[in-house]
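Asks: For reference, the structure I am asking about is given below.
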Amino acid sequence: MSLDPTDPPPLSPVLLAGLAARLMPPLPLLGRPLTGPVAARLAQAAFDRLRRRHQGVFDRLAVLGERAFLVDPSDLPVRFLLRPAGARPGLWPIAEGNAAPAAAATLRAPLGALLALLEGRVDGDSLFFSRQLMIEGDMEAVLILRNAVDGADVTLERDLADRLPPRLLSLGRRWYGEIDSLLHLAARAAIQPASQPVTEIRP
Amino acid sequence: MSAPSLSLVCPAGTPAALDAALEAGADAVYCGFADATNARNFPGLNFSQAEMRAAATRTHKAGRSLYIAINTFPKAGDEATWHRAVDNAAEAGADAVILADLGLLAYAQAHHPGLRLHLSVQAAASTPEAIRYLAQTFGVQRVVLPRVLTLAEVTDLTAAVAPVETEVFAFGGMCVMAEGRCQLSSYVTGQSPNTHGVCSPAGAVQFRREAGGDVTSRLGDVTIDRHPAGAPAGYPTLCKGRFQANGTTGYLFEEPTSLNAADHIPGLIKAGVRALKIEGRQRGRAYVTRVVGEFRRAIDAALSGGFTVPDLARGLASEMEGGRATAGAYDRRWR
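As given, the protein sequences belong to chains A and B, one line each in that order. So the number in the working numbering is just where the residue sits in the first sequence, counting from 1, plus 338. Position 200, counted from 1, in the second sequence is what the working numbering calls 195; the numbers after and before it change by one each time, with no gaps.
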């Protein structure tokens, strides 16, 4: 598959299949389903690491109390329950088909768009205008989360990978580089419909 | 006669957005405190006093200016909150405060005579008489004009009120109501940008996914719109709602669309307008980076005589409400 990363086609099942095909070589390295115990431990470890690195953001999120979010990457067979504050903060994967726990709000978008939002590479309102981001539930909680995260300087590669052993880091960087470039492509594809020339309204 | 100039005034809802605005080429950045004293009092947004002090330091180190918006109307009996905000702005090192309320203008003039006063768009001053009165009475040095004036009207007004400076909106949310007087949000939710600092408060907004992919947006008990699957959406404000009336369905007040006055930059420079304002303190730093960067390039080109109508539409399409742009009243031909 050959794609122009600066002008990708709109996000579609065909594009996603192509992206998945490009990921096939490293995928066996995962070895387990996205929602198994290893994935659960990895999700919690990533959450804990972000929490340590961005304590100021989590201080801002303390007002959420026990309110949790269901984060639903629309192109993956997994959802995540995110509870940023409260007595037991964390991130938990939920397998497709399993009942989702109660959450204050649900955020649904392609994975690339969600990660771009987390890293502040795309504006949440823009994703909403272009209908790539769907939000249901407690809007106040969503705005608190969005504004706190946007105010942080989250860079996943730097935040999650810098304490790995050098050889593992090198391998991880290669794999992350591939994933990251594809996610950037997917994010651009996700907002591509809104990047078309706009209608100019003349009175 | 001094050389033409045009200052780019940019929004920042968070310290990160402020840094993004400075990096992208803002001449001035405007912010607000995290309370009802400013018209973008959204959950999780805005600055603490410590953050505002740090923001002033970083802004001045970069050789730019920091304006602080205290542009809501004080609640009777709680004027002290607004007075404290003016005191805190002066203490933080603001280069100007953006005010709308006459009492607050009087307070700032009396207690902080060295503090530069800008008149917020929330004051809805759009005549030479109103602006001259505010300048003579309170020492207002700049007025942010409402988004309902044509380019010819902006030109005439700027000449008539000189040496008071004029600042106009160039990009972002398109509000065509009498700003500072609009009661639509208050009518439905009991809260308005004028008093609580928030239009269509998040606590009153609901989105619901319907069968087939449509999305319904509601504000309080009022259905604002139903967006078909894949169609662009807008903010859930009453003024952008689509309603049924007399057997037809349509936008009763205005369509969801963003202002983009980039084409008019040379005309605004010629009119003597002192500053262009980008709307959007509620937007993320990605928006700030992209919009400010595009307007920085367009202004620099215009000031150096190399201006061609910038192709901002494609680059900024995803930042626009409803995926559409309008030059708004600048192009207005009706009366």
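Note that beta-carbon positions come from the ideal geometry of N, C-alpha and C, so glycine has one too.
Taking a cut of 8 angstroms between CB atoms, which residues from the region 19 to 41 of chain B lie near chain A?
Replies: Against chain A - using a Cβ distance shorter than 8 angstroms - the residues of the region 19 to 41 of chain B are Phe37, Pro38, Gly39 and Leu40.
Asks: Using beta carbons (cut-off 8 angstroms, strictly below), is Glu314/B in contact with chain A?
Replies: Chain A contact via Cβ: present.
Asks: To be precise: take each residue of the region 402 to 416 of chain A, compare its Cβ to all Cβ atoms of chain B, and keep it if any distance is under 7 angstroms. Which residues remain?
Replies: Listed by position, the residues of the region 402 to 416 of chain A near chain B (Cβ gap below 7 angstroms) amount to none.
Asks: With a threshold of 8 angstroms between beta-carbons, can Phe396/A be considered close to chain B, or not?
Replies: No, no contact with chain B.
Asks: Nearest chain A C-beta to Val156/B closer than 8 angstroms, yes or no?
Replies: No - not a single Cβ of chain A is within 8 angstroms of the one on Val156/B.
Asks: Looking at chain B, which residues of the region 448 to 476 of chain A have a Cβ within less than 7 angstroms of any of its Cβ atoms?
Replies: Listed in sequence order: Gly458, Arg459, Val460, Asp461, Gly462, Asp463, Ser464, Phe466, Phe467, Ser468, Arg469, Met472, Ile473 and Glu474.
Asks: Could you check whether the Cβ of Thr9/B sits closer than 8 angstroms to any Cβ belonging to chain A?
Replies: Chain A contact via Cβ: present.
Asks: Looking at Gln117/B: is its Cβ nearer than 8 angstroms to the Cβ of Asn36/B?
Replies: No, these two residues do not count as a Cβ contact at 8 angstroms.
Asks: What residues from chain A crowd round Arg204/B, counting only those whose CB sits closer than 7 angstroms?
Replies: Correct list: Met472 and Glu474.
Asks: Check this for me: beta carbons of Ala270/B and Glu148/B, under 8 angstroms apart or not?
Replies: Not closer than 8 angstroms, so no.
Asks: Quick check on Gly279/B - is its C-beta less than 8 angstroms from some C-beta in chain C?
Replies: Here chain C cannot be found, since the structure's protein chains are A and B.
Asks: Please name the residue, chosen from Leu453/A, Gly435/A and Ala479/A, that lies closest to Thr493/A on a Cα-to-Cα basis.
Replies: Among Leu453/A, Gly435/A and Ala479/A, the Cα nearest to that of Thr493/A is on Leu453/A.
Asks: As a quick exercise: from Glu474/A, Arg496/A and Arg398/A, pick the residue whose alpha carbon is nearest that of Glu457/A.
Replies: Checked all of Glu474/A, Arg496/A and Arg398/A; the closest Cα to Glu457/A is Arg496/A.
Asks: Who pairs with His113/B in a beta bridge, going by DSSP?
Replies: DSSP output for His113/B lists Ile93/B and Arg137/B as bridge partner(s).
Asks: Note down, in chain order, all residues in the region 480 to 491 of chain A with a beta-carbon under 8 angstroms from any beta-carbon belonging to chain B.
Replies: Those residues of the region 480 to 491 of chain A that come within reach of chain B (Cβ to Cβ, closer than 8 angstroms) are Val480, Leu481, Ile482, Leu483, Arg484, Asn485, Ala486, Asp488, Gly489, Ala490 and Asp491.
Asks: In the DSSP assignment, find the unbroken beta strand (DSSP E) run with Asn255/B in it and report its ends.
Replies: Ser253 to Asn255 is the span of the beta strand (DSSP E), which, as asked, contains Asn255/B.
Asks: Please tell me whether Glu478/A has its Cβ less than 8 angstroms away from any Cβ of chain B.
Replies: Yes, because at least one Cβ of chain B sits closer than 8 angstroms to the Cβ of Glu478/A.
Asks: Do you know offhand how far Arg390/A's Cα is from Ala11/B's?
Replies: Looking at the two C-alpha atoms, the distance is approximately 19 angstroms.
Asks: Below 8 angstroms CB to CB, which residues in the same chain sit around Leu365/A once its five sequence neighbours on both sides are set aside?
Replies: Caution is warranted here: a pLDDT of 41 is assigned to Leu365/A, below 50, making its placement in the model unreliable, and no coordinate value can be reported.
Asks: Within the same chain, show all residues whose beta-carbon is closer than 8 angstroms to that of Pro38/B, passing over the 5 residues directly before and after it, in chain order.
Replies: Result list for Pro38/B: Ala197, in chain order.
Asks: Three or more C-beta pairs closer than 8 angstroms, one from the region 205 to 220 of chain B and one from the region 69 to 85 of chain B: is that the case here?
Replies: No, because fewer than three Cβ pairs between the region 205 to 220 of chain B and the region 69 to 85 of chain B fall closer than 8 angstroms, the two stretches do not touch.
Asks: Can you list, in chain order, the residues of its chain whose CB lies under 6 angstroms from that of Val135/B, leaving out five sequence neighbours each side?
Replies: Here the set comprises Leu112, Leu114 and Leu129.
Asks: Work out the CA separation of Leu429/A and Leu399/A for me, nearest whole Å.
Replies: Spanning the two alpha carbons is a distance of roughly 15 angstroms.
Asks: Is there a Cβ of chain A sitting closer than 8 angstroms to that of Gly229/B, yes or no?
Replies: For Gly229/B, the answer is yes, since a Cβ of chain A falls inside 8 angstroms of its Cβ.
Asks: Please list, in chain order, the residues of the region 274 to 298 of chain B that have any C-beta partner in chain A closer than 7 angstroms.
Replies: From the region 274 to 298 of chain B, only Arg278, Gly279, Arg280, Ala281 and Tyr282 have a Cβ closer than 7 angstroms to chain A.
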